[in-house]
Every structure is written in C-alpha cells, then in structure tokens.
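> Okay, here's the structure, questions in a sec.
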Amino acid sequence: DIQMTQSPSSMSVSLGDTVTITCRASQDVGIYVIWFQQKPGKSPRRMIYRATNLADGVPSRFSGSRSGSDYSLTISSLESEDVADYHCLQYDEYPWTFGGGTKLELK
Amino acid sequence: QVTLKESGPGILQPSQTLSLTCTFSGFSLSTYGMGVGWIRQPSGKGLEWLANIWWDDDNYYNPSLKNRLTISKDTSNNQAFLKITNVDTADSATYYCARIAYGGYSVYVMDAWGQGASVTVSS
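Chains as they are written, first to last, in our numbering: chain A, 1 to 107; chain B, 108 to 230.
Rendered as structure tokens:
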C-alpha cells in the first residue's frame, strides 16, 4: 500500500499566517492527490484536486503544489473559517490511502 | 446539483452484518466514468477508504478489511450499497459515500460527499 505521511499532525496558528501542510507519498502517485478540509461534525470538503487544481468555490488563498513525492497545501493569510482539519488522499493506486490528518488550532 | 445521503442501522451488535445505503442524485451510475466510493471515520480519527464501485460494475476493496466488504449498486434507483460482515467495536465510525469519477470525468473525484451515517457496534 502507498503510505501518505502527513505533517504536522497539529499546528497552532494565528489569523493572517501562511500555513503549509505536507503529505509525502511512499511511492510515485503522479498528480493524483486531493486535499480535503473538514470541520467538526461535517463531511470532508474537497479543496484541491490533481495536486494543484483549486476546486470550485474554494478561495484563492488555498493552493496545492508538488515537489517530487511531497505534496503541499498552502493557506495564505489564514482566516478564522480556515481553522479545521485537513486530509490528503492519493488515488493513483488501490487501495486509495489518506494521510493521517492535520488539525489547525488558533493560538 | 449532486447530492448523496447515507443511511444505516445506527446501532448493531458484534458479529452482525452492517448494511449501508447511499442514495444520490445529480449523476448516474449508468454514465461512463462515474462511480461511488465509501469512506469511514472513527470518532476523533482519520479517514479510511473502504471500497469503490464503477459504472461498469468494476469494484475495488480495501484489503485491510479482509474480504468482509461487499459493494453493489442499483442504477435504476440511484443507490449504492456497502455491506460489512462480522462487525466488531472497531467498525464503529461515521460512514460516508462520495462521488468518484474516471477518465474525462476525473475532475469530479470525491467532489461531493454525503452527510455521513453514524454506526455504533455495541453489545
């Protein structure tokens, strides 16, 4: 199975920060990475697909990037509504696998 | 507009079979490239992909659940189903279904999720 090692598992943040969350794939998954945002008691919401594409309705302060086997989600100028859990998913190869998640908390 | 909604028993006992239904609208499982996936999330934990079913009846399972899973669909009624046999407390989770897509529709992979169905396994 492909492992998606997500870091950090939690992060203390301030409004206006630039936040970067990373998933490292244990083998090549190409562009087939999705980033989700999840708020308490809610379903995941797709934010980035194909590693770098912004999903419909997602603010432009969110962006996705890839460097080799490292996939990153960056939130520029963090707003209060961005405080949530974030998950990455690789869907290049079965079984599809998620990262362990990152919890953003306000300082 | 694409919507999905999961339904399930809520509570069941160890060793029973969990049956979940995903009722969706806004797309069809008779359309080339479309599919439905199931994902679960134990309380306070991460997401785990369980299974996918595609328009052509192709299906894939998470091997970690060791042949306990069966996924199926009813194209006419826009429903997908997941069964998990021999449940135990570790299967307690919120179960989600999501639209998945392939080929020319692949931009729609996991773009829409249901609200989730909470399942508790307890004696």
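We put the CB at the ideal spot given by N, CA and C, even for glycine.
Fair warning: this is a prediction, and the values are worked out from it, not measured in the lab.
Going by C-alpha distance, which of B/Glu-155, B/Tyr-212, B/Gly-210 and B/Pro-121 is nearest B/Tyr-172?
Sequence check: residue 172 of chain B is Leu here, not Tyr. It is B/Glu-155.
> Just the chain B side, please: which residues come within less than 7 Å of A/Tyr-94 by C-beta, in chain order?
In chain order: Tyr-167.
> Would you report the Cα separation of B/Trp-145 and B/Ala-205, rounded to the nearest angstrom?
So the alpha carbons of these two residues sit roughly 6 Å apart.
> Measuring CA to CA, which of A/Lys-103, A/Gly-99, A/Tyr-94 and A/Asp-1 is closest to B/Ala-158?
The option with the nearest alpha carbon to B/Ala-158 is A/Tyr-94.
> Which residue from A/Val-19, A/Asp-28 and A/Thr-20 puts its Cα closest to that of A/Ser-69?
The candidate whose alpha carbon is nearest that of A/Ser-69 is A/Asp-28.
> To the nearest angstrom, how far is it from the Cα of A/Pro-44 to the Cα of B/Lys-112?
Each residue's alpha carbon lies about 14 Å from the other.
> Where does B/Ser-171 fall in DSSP's three states?
Residue state, collapsed to three classes: helix.
> Using a Cβ-Cβ cut-off of 8 Å, state whether B/Gln-222 counts as contacting chain A.
Output row for B/Gln-222: interface = yes.
> Distance, Cα to Cα, B/Ser-122 vs B/Lys-180?
The straight-line gap from Cα to Cα measures roughly 24 Å.
> Need the endpoints of the beta strand (DSSP E) that B/Glu-155 sits in, please.
It spans 155-161 - the beta strand (DSSP E) in which B/Glu-155 sits, taken as one unbroken run.
> Which residue marks the beginning of the beta strand (DSSP E) containing A/Arg-24, and which one marks its end?
A/Arg-24 -> beta strand (DSSP E) spans 19-25.
> Should the segment 132-142 of chain B be called in touch with the segment 72-88 of chain A, which here means at least 3 C-beta pairs below 8 Å?
Cβ pair count under 8 Å is below three, so no.
> Please report the straight-line C-alpha distance between A/Trp-96 and B/Ser-126, rounded to a whole angstrom.
Looking at the two C-alpha atoms, the distance is approximately 22 Å.
> Closer than 8 Å, CB to CB, is B/Trp-162 near chain A or not?
No - not a single Cβ of chain A is within 8 Å of the one on B/Trp-162.
> Closer than 7 Å by beta-carbon distance: list the chain A residues that pair up with B/Val-143, in chain order.
The contacting residues do not exist; B/Val-143 stays about 13 Å from chain A at best.
> List the residues that DSSP assigns as beta-bridge partners of A/Trp-35.
Paired residue(s): A/Ile-48 and A/Cys-88.
> Output yes or no for whether 8 Å exceeds the beta carbon distance between B/Ala-200 and B/Gln-148.
Taking 8 Å as the Cβ cut-off, B/Ala-200 and B/Gln-148 qualify as a contacting pair.
> Please tell me whether B/Tyr-202 and B/Ala-224 are closer than 8 Å, where the distance is taken between their beta carbons.
Yes, these two residues count as a Cβ contact at 8 Å.
> Less than 8 Å between the C-beta atoms of A/Arg-66 and A/Ala-55, yes or no?
No; because the gap between Cβ atoms is not below 8 Å, this pair is not in contact.
> Where does B/Asn-169 land, buried or exposed, given buried means 16+ other C-beta within 10 angstroms?
Burial call: buried.
> In or out: A/Gln-37 buried (at least 16 other Cβ within 10 Å) or exposed?
The residue in question, A/Gln-37, is buried, as its Cβ has 16 or more Cβ neighbours within 10 Å.
> With burial defined as no fewer than 16 other Cβ atoms inside 10 Å of the residue's Cβ, what is the status of B/Lys-176: buried or exposed?
What sits at residue 176 of chain B in the sequence shown is Leu, not Lys. Classification of B/Leu-176: buried, given that the 10 Å Cβ count is 16 or more.
> If you reduce the DSSP assignment to three classes, tell me which class B/Ala-200 lands in.
If DSSP states are grouped into helix, strand and coil, B/Ala-200 belongs with the strands.
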